[in-house]
Structures are given as structure tokens and as C-alpha cells.
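Asker:
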Amino acid sequence: MNTLVIGDLHLPWCRRGYLQFCQDLYYEWDCEKVIFIGDVVDLHAISFHQKEPGCPGPKEEYEHAKEAVQLWYKSFPKAVITLGNHDKRIVRRAKSVDIPEIFLKSYNQIWRTPGWSWREDYVLDDIYFYHGTGQGGKYPASNAVSKMLMSTVMGHMHKASGTKYFANPRRRIFACDTGCGIDDKKLAFAYGMDLKQRSIISAAVVIDGIPYVEPMPMGRGETYHDSNF
């Protein structure tokens, strides 16, 4: 099965051309399935961390994010979403004031995505897909593979993108970091403005069990540069 794996979006703070890039990958690779690797939305306004004063408040950010989610939903009406730590901020906020999850709307109700399946993780063709919350280091997916002992695809770490292989006499497995689709210049990511390293804008496709990570050509004069959208 050919599967498109879309990196962290952090809507509404996504890179302008990333949706078109993912649509093009879907058709170029003749994909049959779509997996969003998590952090579909950012929810900066309800973060437990310090908020950027210039960002929208909770209601305004929700409306912007919902509008952006609908653009992705229209393009990919059937998809699996592996929940990211930002997606779950609603639940975490509720629990912080002793409100159990049973009193909350479902993710499909909140974002109006009845065709999407929101879940913690997903296994397809003996490959483990999950957001990657808790993983870190230079090769986050490799660290996850050492725990899961199976091929793993994850997001979460925006600066990690690519594939590493591991093999023994009996089998070969891989670790795939998808990269992401965020726009580092947005105020929601102001905390990283002084860092010299930037996010890798990319997505992954898994073709008959083999992963390929595609960086988005977005420099000046390239197909997905901001000026084209």
C-alpha cells in the first residue's frame, strides 16, 4: 500500500505551499492512504507555556485553525491522525481543572472532520506510526525504534527529517522522521527565533513498506516558494 505521511502542521501556522506539496505527493506516488502524524493544530492560546502577546486569543485562534483544518479535510477527506501533544492540549487543559475527558466533544466534533480517525497510534503493514511525543535527540525516530523494536514513522521534532535503517541476519527495519509543514516565521514559534537551526519542511511516503522523505522545494524560484501562494 502507498501511504502519504503528512508532518506536523500546527494549524493555522502552516507553511503556505505545504498543502499543495502534499496534494502533489499524493498523486505523484499514487497514494491509497493518508496519515497525519500529529500536531494538526497548535492551540498556542491555551498552552501551559508562556504565550506570545501578539498571537490571537483562544476563540480567535480556534476559528482560524478550524478554517485551515477544513482546507486539509477537503483535500484528504479520509485519513488517520495520530494525536500530537498540541492536539491534546484541550484534554490536558480540562484535566488540569478536574474535568474528565468524557465531558468533552470528540476531535471530529471540534474540528468537523467526520471522515478522519483520530487515535494515539497506528500500525500498518508492520510499521508503527505515532506522533513521537517524548522522543528527542539527533535521530528521534531511531530512539523510538529502539523501544518499539519495529519500523517506526514519527513527527514531533521539527528539525528531524530522513530515514535510517537497522538490520540483523533475520530482518531489516527503519526509523523515519517526517519533518514538518510549519512556518517558523509565525509568532507562535517566536521562542525559536534565536536558534540557528530551522525546521525541515518535508513529508514522507511509504511505498510497499519502503519510506521516502521528500523535502519541499521552497527556495526562491522553486515551485512551493511563498510568493506562489
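Residue numbers (UniProt numbering): 1 to 229.
Each residue gets a CB set at the ideal place from its N, CA and C atoms; glycine is no exception.
Because the structure is a prediction, the values reported are computed rather than measured.
Is it buried or exposed for glutamate 222, if we count other Cβ within 10 angstroms and need 16 for buried?
Answerer: Here the question's residue 222 lines up with position 222 in the sequence shown. Glutamate 222 comes out exposed.
Asker: Please report the straight-line C-alpha distance between aspartate 98 and glutamate 214, rounded to a whole angstrom.
Answerer: What you label residue 98 is simply residue 98 of the sequence shown in a count that begins at 1. What you label residue 214 is simply residue 214 of the sequence shown in a count that begins at 1. Whole-angstrom Cα-Cα distance: 43 Å.
Asker: Among Gly115, Trp111, Lys164 and Tyr18, whose alpha-carbon lies nearest the alpha-carbon of serine 227?
Answerer: Within the sequence shown, the letter at position 227 stands for residue 227. The option with the nearest alpha carbon to serine 227 is Tyr18.
Asker: For lysine 159, I'd like the list of residues in its chain whose CB is within less than 8 Å of its CB, leaving aside the five on either flank, ordered along the chain.
Answerer: By 1-based counting over the sequence shown, the position of residue 159 is 159. Contacts found: Gln197, Arg198, Ser199 and Ile200.
Asker: Report the three-state DSSP secondary structure of asparagine 108 (helix, strand or coil).
Answerer: On the sequence shown, position 108 is the one that residue 108 refers to. Note: asparagine 108 maps to helix in three-state DSSP.
Asker: Any idea if phenylalanine 48 is buried or exposed, counting beta-carbon neighbours within 10 angstroms, 16 or more meaning buried?
Answerer: Counted from its first residue, the sequence shown places residue 48 at position 48. Exposed.
Asker: Between the stretch 25 to 41 and the stretch 62 to 82, can you find at least three pairs of beta-carbon atoms closer than 8 Å?
Answerer: Segments in contact, yes.
Asker: Determine which residues share a DSSP beta bridge with alanine 190 and list them.
Answerer: Within the sequence shown, the letter at position 190 stands for residue 190. In DSSP, alanine 190 forms no bridge with anything.
Asker: Specify, as a first and last residue, the run of the alpha helix (DSSP H) that isoleucine 182 falls within.
Answerer: Within the sequence shown, residue 182 is the residue found at index 182, counting from 1. Segment: none, isoleucine 182 is in no alpha helix (DSSP H) and carries neither H nor E.
Asker: Could you give the residue range of the beta strand (DSSP E) that holds glutamate 214?
Answerer: Here residue 214 corresponds to residue number 214 of the sequence shown, with the count starting at 1. Start and end: 210 to 215.
Asker: Should valine 205 be flagged as near chain C, meaning a C-beta pair shorter than 8 Å?
Answerer: Of the protein chains in this structure there is only one, and it is not chain C.
Asker: Cα separation between tyrosine 27 and serine 202?
Answerer: Here residue 27 corresponds to residue number 27 of the sequence shown, with the count starting at 1. Here residue 202 corresponds to residue number 202 of the sequence shown, with the count starting at 1. Roughly 16 Å between the two C-alpha positions.
Asker: Tell me the start and end of each unbroken beta strand (DSSP E) in the stretch 77 to 138 that is at least 3 residues and wholly inside, in chain order.
Answerer: Qualifying beta strand (DSSP E) stretches, in chain order: 79 to 82, 116 to 119, 121 to 124 and 127 to 130.
Asker: Flag this pair as yes or no: are the beta carbons of valine 153 and valine 205 separated by less than 8 Å?
Answerer: Here residue 153 corresponds to residue number 153 of the sequence shown, with the count starting at 1. Here residue 205 corresponds to residue number 205 of the sequence shown, with the count starting at 1. In this structure, valine 205 does not lie closer than 8 Å to valine 153 by Cβ.
Asker: Are the beta-carbon atoms belonging to aspartate 8 and isoleucine 182 less than 8 Å from one another?
Answerer: Indexing the sequence shown from 1 puts residue 8 at position 8. Indexing the sequence shown from 1 puts residue 182 at position 182. Yes, the pair counts as a contact, with Cβ atoms nearer than the cut-off.
Asker: Could you name the residues of the same chain whose beta carbon sits closer than 6 Å to that of residue 231, not counting the 5 residues immediately before and after it, in chain order?
Answerer: Residue 231 is absent from the structure shown; the chain starts at 1 and stops at 229.
Asker: Would you mind reading off the limits of the beta strand (DSSP E) that contains lysine 159?
Answerer: Taking the sequence shown and counting its residues from 1, the one referred to as residue 159 is at position 159. Careful: lysine 159 lies outside any beta strand (DSSP E) and carries neither H nor E.
Asker: Run through DSSP, which three-state label would valine 40 get?
Answerer: For the purposes of this step, residue 40 is taken as residue 40 along the sequence shown, with counting starting at 1. Coil at valine 40, not helix or strand.
Asker: List the residues that DSSP assigns as beta-bridge partners of threonine 178.
Answerer: Start at 1 with the first residue of the sequence shown, and residue 178 comes out as number 178. Its beta-bridge partners are Ser161.
Asker: DSSP on asparagine 168, reduced to helix/strand/coil?
Answerer: Residue mapping note: residue 168 aligns to position 168 of the sequence shown, counting from 1. Note: asparagine 168 maps to coil in three-state DSSP.
Asker: Going by DSSP, name the residue or residues bridged to lysine 66.
Answerer: Taking the first residue of the sequence shown as position 1, residue 66 is located at position 66. Lysine 66 is not bridged to any residue.
Asker: Counting beta carbon pairs with one atom in the stretch 164 to 172 and one in the stretch 109 to 129, are three or more of them shorter than 8 Å?
Answerer: No: the two stretches stay apart, fewer than three of their Cβ pairs being nearer than 8 Å.
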